[in-house]
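Read the structure below first, then the notes.
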Amino acid sequence: MLDPRLFRSDLEYVQQQLARRGFDFDADTYQTLESQRKEIQVKTQELQNQRNTRSKAIGQAKAKGEDIRPLLDEVQNLGEQLKAAETELAEIQEKINDLMTGVPNFLANDVPEGSNEQDNVEIYSWGDKPKFSFLVKDHVDLGAQLQGMDFELGAKIASARFVVLKGPLARLQRAIIQFMLDTHIVEHGYIETYVPFLANADSLYGTGQLPKFEQDLFKVENDPGFYLIPTAEVPVTNIVRDVIVDNSDMPLKFVCHTPCFRSEAGAYGKDVKGMIRQHQFEKVELVQIVKPEDSVKAHEDLSGHAENILQKLKLPYRKVLLCSGDTGFSSNKTYDLEVWLPSQNTYREISSCSNFKDFQARRLQARWRNPETGKPELVHTLNGSGLAAGRTLIAIMENYQNEDGSITVPDVLVPYMGGMSCVS
RNA sequence: GGAGAGGUGGCUGAGUGGUCGAAAGCGGCGGUCUUGAAAACCGUUGAGGGUUUGUAGCCCUCCCAGGGUUCGAAUCCCUGCCUCUCCGCCA
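Residue numbers for the first sequence follow the working numbering, beginning at 1378 and rising by one.
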């Protein structure tokens, strides 16, 4: 959520900023609601004040043994007036809140203009694309040949967009996850966390998935309802919900491996084949909680940590700065890392690293105490995949494939495969 | 699943239907003392919001959450959530 005070003090600036996203903020509706709010809130607080003063007077009169009858008559209909005002205020505030929670974050100044992913800007590419002297297979064919990747079985057990991995391929995915976690913990200084895979509505609201994107989530119809986490970002960032983080603990850097669950509503016909787009996939997520002045630097660091994984795996990739039209709702600035997939002859997203500034922190009420002011102030939150493990698995399969359909294991993963250097 | 106890400020912990946003201790911050530190002593110390040019003043809200009773609720009633203890079950 954006700062409501900014809407009151400089609405024109707010509109300009939001227009960069093509978001047309309804200023008229807002101003009508806001002027109503002001009037009703002042009225309500005045009535509350009256109630407090008079009740106090009654208490004092009673203590002195005076007759409180006239005082009681005086406050007779105050209660009803107050209740009506409070109800009206709550209604108007809910309307304003609904309006505000639908407003996306501002974009950083250096986010390029553009309407969709076509307009994203490549910052650089890394690594040499492999050259093959034979016809390349995609990960689906390779997986079938290795008898380690079965989509029909996934469909039988659950539905389309699920997979069953078996044998060395299942182990390879686990090796990837272990390798990523160890690298982030040992080399990049992250704290490993283990978290719930179901989250409540408050948590999803805090990171911005609710109320706007409920259709993307799997919901557990319990009482109270839970949601399957679409990313570890949700439970991990919510660690600091309603917390004033100690100055000396900043920055907080968490790494977490979880399965992720996405309904993929609206993705019909998209990436139907293979493991690119699944209802359930494994991901290692990086989350940082930092002081506001450090977030731009932290964003570069965090995406660098994800890149380091790709580089150690020697997977060719490119780094892309998302344009205004492709940057997510809560994000101020996002880098995507896209890995080379030989079978598709293109780069595909394998990590998305975002700086949310104080947008999530405001919803979360995640704060730190600024020693200069002595006051609690909002932190900045960031996260990024480091990396999506399922997509890393298929990138390795395709880039490291041999003519006979076997897969060479990247050097850094061999220890995690019990010394196995080739999957066949 | 059964039985019981409880949720109060950064922490521990008192509290009564009325001057309680809340005793006391600890911790934090400032000061006195000291070459410096410790100890001791003195002072200070919650969060959010409204109004406003205002980090001034005035006002409102918050004692787990949501309802209710009342002129008045941290205090009484109801519901929910969470924590702890014992029993049962279980990876």
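Don't be surprised by glycine CBs; every beta carbon is placed ideally from N, CA and C. The structure presented is a predicted model; accordingly, all values stated were derived computationally and were not measured.
Problem set entry | Three-way DSSP call (helix, strand, coil) for isoleucine 1562 in this model | Within the first sequence, numbered from 1, the residue matching residue 1562 stands at position 185. Here isoleucine 1562 sits in helix by DSSP.
Problem set entry | Boundaries of the alpha helix (DSSP H) in which threonine 1430 is found, first to last residue | The residue given as residue 1430 occupies position 53 in the first sequence. Segment 1404-1440, the alpha helix (DSSP H) holding threonine 1430.
For this session: Measure the C-alpha to C-alpha separation of leucine 1699 and proline 1489 and round it to an integer number of angstroms.
Result: In the first sequence, counting from the first residue as 1, residue 1699 sits at position 322. In the first sequence, counting from the first residue as 1, residue 1489 sits at position 112. So the two alpha carbons sit approximately 7 Å from each other.
For this session: Specify, as a first and last residue, the run of the alpha helix (DSSP H) that valine 1321 falls within.
Result: A query on residue 1321 cannot be resolved here, the shown segment of the chain reaching from 1378 to 1801 and no further.
Problem set entry | Opposing strand residues paired with valine 1480 [DSSP bridges] | Residue mapping note: residue 1480 aligns to position 103 of the first sequence, counting from 1. Bridge partners of valine 1480: none, in fact.
For this session: Alpha carbon to alpha carbon, how far is methionine 1652 from leucine 1558? Give it in angstroms, no decimals.
Result: Within the first sequence, the letter at position 181 stands for residue 1558. Within the first sequence, the letter at position 275 stands for residue 1652. Whole-angstrom Cα-Cα distance: 22 Å.
Exercise. If we count the other Cβ atoms within 10 Å of its Cβ and call it buried at 16 or more, is glutamate 1525 buried or exposed?
Worked result: Translated into positions along the first sequence, residue 1525 becomes position 148. For the sequence presented, residue 1525 should be read as glycine rather than glutamate. Buried, because 16 or more other Cβ atoms sit within 10 Å of the Cβ of glycine 1525.
Problem set entry | According to DSSP, residues forming a beta bridge with methionine 1526 | Here residue 1526 refers to the residue found at position 149 of the first sequence. Looking at the DSSP assignment, methionine 1526 forms a beta bridge with Leu1542.
Problem set entry | Host alpha helix (DSSP H) of glycine 1583 (start-end) | Mapped onto the first sequence, residue 1583 falls at position 206. Here the alpha helix (DSSP H) through glycine 1583 covers 1578-1584.
Exercise. For phenylalanine 1509, which of Gly1702, Asp1788, Tyr1777 has the nearest alpha-carbon?
Worked result: Here residue 1509 refers to the residue found at position 132 of the first sequence. The shortest Cα separation from phenylalanine 1509 among Gly1702, Asp1788, Tyr1777 belongs to Tyr1777.
For this session: Following the continuous beta strand (DSSP E) through alanine 1765, name the residue where it begins and the one where it ends.
Result: The residue you call residue 1765 lines up with position 388 of the first sequence. That run of the beta strand (DSSP E) goes 1757-1765.
Problem set entry | Under the three-state DSSP convention, the category serine 1801 falls into | Mapped onto the first sequence, residue 1801 falls at position 424. DSSP places serine 1801 in coil when its eight states are reduced to three.
Exercise. When you compare only the Cα positions, how much space is there between aspartate 1333 and proline 1787?
Worked result: Outside the displayed span of the chain (1378 to 1801) sits residue 1333, for which this structure offers no information.
Problem set entry | Spatial neighbours of glutamine 1394 in its chain, beta-carbon cut-off 8 Å, leaving aside the 5 residues before and after | Stepping through the first sequence from its first residue, residue 1394 is reached at position 17. Cβ neighbours of glutamine 1394 beyond the five flanking positions: Phe1483, Leu1484.
Exercise. Going straight from the alpha carbon of isoleucine 1534 to that of valine 1540, what length do you get?
Worked result: Along the first sequence, one-based indexing puts residue 1534 at 157. Along the first sequence, one-based indexing puts residue 1540 at 163. Answer to the nearest angstrom: the Cα atoms are 9 Å apart.
Exercise. Taking 7 Å as the cut-off, is the CB of alanine 1675 close to at least one heavy atom of the ligand FMN?
Worked result: Absence of the ligand FMN from the depicted structure is noted, as is the absence of any ligand whatsoever, leaving it without description.
For this session: Output the distance between the C-alpha atoms of aspartate 1623 and threonine 1608, rounded to the nearest integer angstrom.
Result: Here residue 1623 corresponds to residue number 246 of the first sequence, with the count starting at 1. Here residue 1608 corresponds to residue number 231 of the first sequence, with the count starting at 1. Roughly 26 Å between the two C-alpha positions.
Exercise. What are the start and end residues of the beta strand (DSSP E) that includes leucine 1698?
Worked result: Within the first sequence, residue 1698 is the residue found at index 321, counting from 1. Leucine 1698 -> beta strand (DSSP E) spans 1694-1698.
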